[in-house]
Structure formats: C-alpha cells, structure tokens
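Take a look at the structure below.
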Amino acid sequence: MAAVSAARARRAAARTGQYAALVCYLVFLAFPLVWLASTALKTPQEMALLDPTWIPLEPTLANFAAAFGEQDLVGAARRSLGVALCSAVLTVLLALPAAYVLARYKSAVNRVVMGWVLVSQVFPFILVIIALFMILRRFGLVDSLAGLVLVHATWCLPFVLWMLRGYLRGIPRVLEEAAAVDGAGRWRTLVSVVAPLAAPGVAAALMFGFVSSWNEFLFALILLKDPGVQTLPLVLVAFTGPEGVARLGPLAAASLMAAVPSLVFFAFIQRRFRGGLVDGAVKG
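In this note's numbering, the protein residues as written are 44 to 327.
Spelled out as structure tokens, the structure:
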C-alpha cells in the first residue's frame with residue numbers, strides 16, 4: 044500500500060509540474076498580446092511614465108480612433124485577408140497531389156525533388172526578390188495582389204510539400220488498394236480517400252500558409268507601391284515617423300486589430316483540425 048501511495052504521489056507531483064510548465068508557457072505566449080492591448084488603451088502621458096503600469100490607469104479608445112481615422116485599416120485588412128486565404132488555398136491545392144506522388148512513389152527523381160525542397164529552405168529572401176520582381180514586372184503583376192498571392196504561395200510551397208509528404212506517408216496503403224479494387228483511379232482515390240484522412244495535415248498546412256502570408260512584409264514592400272493595394276503590414280509602417288520614431292498608441296491599437304483575424308482563423312481551423320483527427324481515426 045505504501046508503494047502504491049508513493050507511486051500515486053509521484054504521478055500527482057509530475058502532473059502538477061506539467062500543468063505548471065504549461066501555465067508558464069501560456070503566460071509567455073500571451074504576454075506580447077496582453078502588453079499590446081495594455082499599450083493600446085493608455086494615454087500618451089501614461090506611456091511616457093518611467094515606471095510602466097500593467098493595467099492602464101485611465102483607459103481610452105483614442106488610440107483606436109486615431110488609428111482608424113488616419114489609415115485605411117479596414118481596406119488593408121480586407122486585402123491582406125484575401126491574399127492570405129488565396130495563397131494558403133493555392134499552396135495546399137498544389138502541394139497535396141505533389142506530396143502524394145512523393146510519398147507513394149520512390150524514384151531518383153523524387154529524391155532529387157526532395158533534396159531541392161530542403162535546399163530551397165536555406166535561401167534568404169534577398170537572393171530571390173530581384174528575380175521575382177523582374178518576372179512579375181514582365182507579366183504585369185507588380186502592384187498586383189494576384190502577383191503577391193503567387194509569390195506567397197511559391198515561397199510557402201516547399202515547406203508545405205515537405206509537411207504533407209510526411210503526413211501522407213502515415214496513411215495506410217491498404218485503404219488506397221481497397222479503393223482501387225472498387226474501381227477508383229488515382230485522382231479519385233486522392234480526393235475521396237486520402238484527402239479526408241489527411242484533414243489534420245491539410246488544416247496545419249492551411250494555418251501555416253495563412254499566417255505566413257498574413258504576416259509577410261518584405262515581398263509586399265518590394266512589390267506593392269500603390270497605396271490602394273498595400274496590405275496591412277505595410278499600412279502599419281505608416282505609424283512610424285520619418286525619423287523612425289513610432290507613435291506607440293495608434294501603432295499598438297492597429298497591431299492589436301491586425302492580430303485578431305489570424306487568431307479567429309486559427310480558432311476556426313483548429314476545430315476542423317480536431318474533427319479531422321477524429322474522422323481519420325474512425326476511418327482508419
């Protein structure tokens with residue numbers, strides 16, 4: 044009995060330690076967002092205090108009014124949302140069949156392709172931005188959201204391809220063989236059998252593509268010069284003065300509003316992610 048009680052005590056202590064570590068990690072992740080919200084609600088006088096406060100002494104919405112009054116945040120958010128959704132969906136549509144081929148067929152060509160995918164991840168942005176700009180200018184896609192979608196999808200494609208390949212390799216081949224016995228071709232098998240089972244991986248790929256495109260700044264800065272097509276990260280730069288001095292209040296308010304769509308998208312996809320896990324377990 045003493046040994047059983049000691050084992051239970053150790054398990055309880057380990058569980059308590061795990062929960063404590065998880066709480067600390069959540070606090071670490073939430074700290075920037077909480078501080079951003081606190082800054083967005085402070086007056087300029089309170090932000091100038093040498094001893095900053097966690098909770099605003101005199102909360103105000105003036106920073107939000109200034110942010111929305113000075114810049115077209117709604118229009119920029121709408122453009123960023125369209126670019127992020129289109130690039131995420133395009134990336135997955137291109138990566139899923141390619142990942143299926145790489146996961147199911149072994150050949151020298153596939154090994155070369157996967158090697159190139161790995162090598163492409165070490166390329167810094169600056170090495171490809173000039174070539175991309177010249178190509179897009181030749182096709183009239185500079186200052187175009189469609190061009191930015193293509194760039195974001197191209198840049199995210201290697202990582203998404205690698206991620207989906209690893210996930211598809213875990214799907215049993217016997218399910219595809221059963222579909223082939225029923226007369227399904229490769230495309231029908233991919234759409235009707237493999238894709239539903241890969242729902243969690245597809246959801247993760249969509250989240251990665253959306254967040255990467257939503258937060259991307261360098262490509263948008265180079266390709267979008269017309270204020271009428273600029274995305275949200277470029278509009279946020281307008282709250283920084285010519286000498287590099289940021290107007291913290293309006294910038295914090297605008298940045299807080301810019302974080303909301305990605306959080307909502309993550310919450311929406313997360314439900315599909317859990318549903319995909321359950322569906323895959325049942326069908327497997």
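Glycine is no exception: its CB is placed at the ideal position from the N, C-alpha and C atoms.
Backbone CA spacing between residue i and residue j [nearest angstrom]
| i | j | result |
| --- | --- | --- |
| Ala238 | Gly60 | 39 Å |
| Arg121 | Ala146 | 37 Å |
| Asp225 | Ala142 | 24 Å |
| Gly125 | Ala151 | 38 Å |
| Asn246 | Ile312 | The residue asked about is misnamed: residue 246 is Ala in this sequence, not Asn. Rounded to whole angstroms, Ala246 to Ile312 spans 6 Å at the Cα level. |
| Ala196 | Ala127 | 9 Å |
| Trp205 | Tyr148 | 15 Å |
| Gly112 | Ala105 | 10 Å |
| Ile214 | Glu220 | 12 Å |
| Val77 | Asp94 | 17 Å |
| Ala222 | Leu69 | 44 Å |
| Gly158 | Glu101 | 57 Å |
| Val144 | Leu72 | 37 Å |
| Arg54 | Ser305 | 37 Å |
| Trp97 | Ala108 | 22 Å |
| Leu170 | Val117 | 33 Å |
| Tyr62 | Ala56 | 10 Å |
| Glu259 | Leu188 | 13 Å |
| Ala110 | Pro140 | 43 Å |
Residue i (DSSP reduced to helix, strand or coil)
| i | result |
| --- | --- |
| Ala56 | helix |
| Thr197 | helix |
| Leu116 | helix |
| Ile169 | helix |
| Gln61 | helix |
| Ala241 | coil |
| Gly327 | Confidence at Gly327 is low in this model, with a pLDDT of 40, below 50, so the placement of that residue is unreliable and no value is reported for it. |
| Ser130 | helix |
| Phe260 | coil |
| Glu89 | helix |
| Tyr369 | Outside the displayed span of the chain (44 to 327) sits residue 369, for which this structure offers no information. |
| Trp205 | helix |
Opposing strand residues paired with residue i [DSSP bridges]
| i | result |
| --- | --- |
| Ala289 | Thr283 |
Same chain, Cβ closer than 8 Å to residue i, neighbours up to 5 away in sequence not counted
| i | result |
| --- | --- |
| Phe309 | Met250 and Val254 |
| Thr283 | Ala289, Arg290 and Leu294 |
| Leu79 | Ala295, Ser298, Leu299 and Ala302 |
| Ile172 | Leu261, Phe262 and Ile265 |
Cut-off 6 Å between Cβ atoms - residues of its own chain near residue i, not counting five sequence neighbours on either side
| i | result |
| --- | --- |
| Gln114 | Val278 and Ala281 |
| Phe262 | Val194 |
| Arg51 | none |
| Ala64 | none |
| Phe168 | Leu261 |
Close beta carbons around residue i, own chain, < 7 Å, minus the five adjacent residues each side
| i | result |
| --- | --- |
| Ala227 | Ser235 |
| Leu179 | Val185, Gly190 and Leu266 |
| Pro99 | Ser81, Leu84, Lys85 and Glu89 |
| Ala347 | It is not possible to answer for residue 347, since the shown part of the chain is limited to 44 through 327. |
| Arg87 | As written in the sequence, residue 87 is Pro, which differs from the Arg given in the question. For Pro87, where only same-chain residues beyond five positions count, the Cβ hits under 7 Å are Gly292. |
| Val160 | Pro201, Leu204 and Trp205 |
| Leu175 | Val194 |
*Are there three or more Cβ pairs, one per stretch, closer than 8 Å when the stretch 188-200 is compared with the stretch 127-137?*
yes
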